[in-house]
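Residue numbers for the sequence shown follow this note's numbering, beginning at 39 and rising by one.
Heads up, the beta-carbon is just placed ideally off N, CA and C, and yes, glycines get one too.
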Amino acid sequence: MYAIVSDRNQQITVRVGDEVVCDLMDMAAPGSKIVFDNVLLVGKDGQVTVGKPQVPGASVQAEVIGPFKGKKLVIFRFKRRKNVRRKTGHRQKYTKVRITAIQA
């Protein structure tokens with residue numbers, strides 16, 4: 039059984055037991071439970087239920103593992119022959135969750 043869940047700005051395919059990286063959730067403490075209500079598709083035993091736009095009554099339960107940082111991105115801007123250089127970086131913060139159940 040699998041489901042496609044819409045979480046803020048991304049769509050994620052999940053199965054029970056998967057560890058998924060989501061956008062940072064400040065209010066989610068490690069060990070707490072969260073529910074994804076915005077389920078777009080559910081697949082079970084070869085049968086697929088597609089929502090219009092969401093599957094009615096479907097939800098995905100997950101347990102928060104903890105905060106997680108993505109890889110570091112380096113942004114380097116320069117203008118040739120002008121001695122203009124600017125180096126900055128960014129490291130996105132995420133929340134890692136483990137999928138515990140899919141209700142359909």
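Those residues which DSSP pairs with residue i across a bridge
i: ARG53; result: TYR40
i: LEU78; result: In the DSSP output, where bridge partners are listed per residue, LEU78 has none listed.
i: ARG119; result: The partner list for ARG119 (beta bridge, DSSP) is empty, contrary to what the question assumes.
i: LYS125; result: PHE114
Residue burial classification, residue i (beta-carbon count within 10 angstroms, cutoff 16)
i: LEU78; result: buried
i: ALA96; result: buried
i: VAL2; result: Past the boundaries of the shown model lies residue 2; the chain is included only from 39 to 142, so the question cannot be answered.
i: PHE74; result: buried
i: ALA67; result: exposed
i: VAL43; result: buried
Cβ separation of residue i and residue j, assumed to be a contact under 8 angstroms, to the nearest whole Å
i: ARG1; j: ASP56; result: Coverage of the chain is limited to positions 39 through 142, which leaves residue 1 absent and any answer about it impossible.
i: ILE72; j: VAL135; result: 7 angstroms
i: MET39; j: ILE140; result: 6 angstroms
9 angstroms Cβ cutoff met for residue i and residue j
i: VAL52; j: ALA41; result: yes
i: GLY104; j: THR133; result: yes
i: GLY70; j: VAL98; result: Note that residue 70 corresponds to Ser in the displayed sequence, not to Gly. No.
i: PHE116; j: ARG124; result: yes
Under the three-state DSSP convention, the category residue i falls into
i: PRO105; result: strand
i: ASP61; result: strand
i: ASP83; result: coil
i: LYS90; result: coil
i: SER70; result: coil
i: ALA96; result: coil
i: ALA142; result: coil
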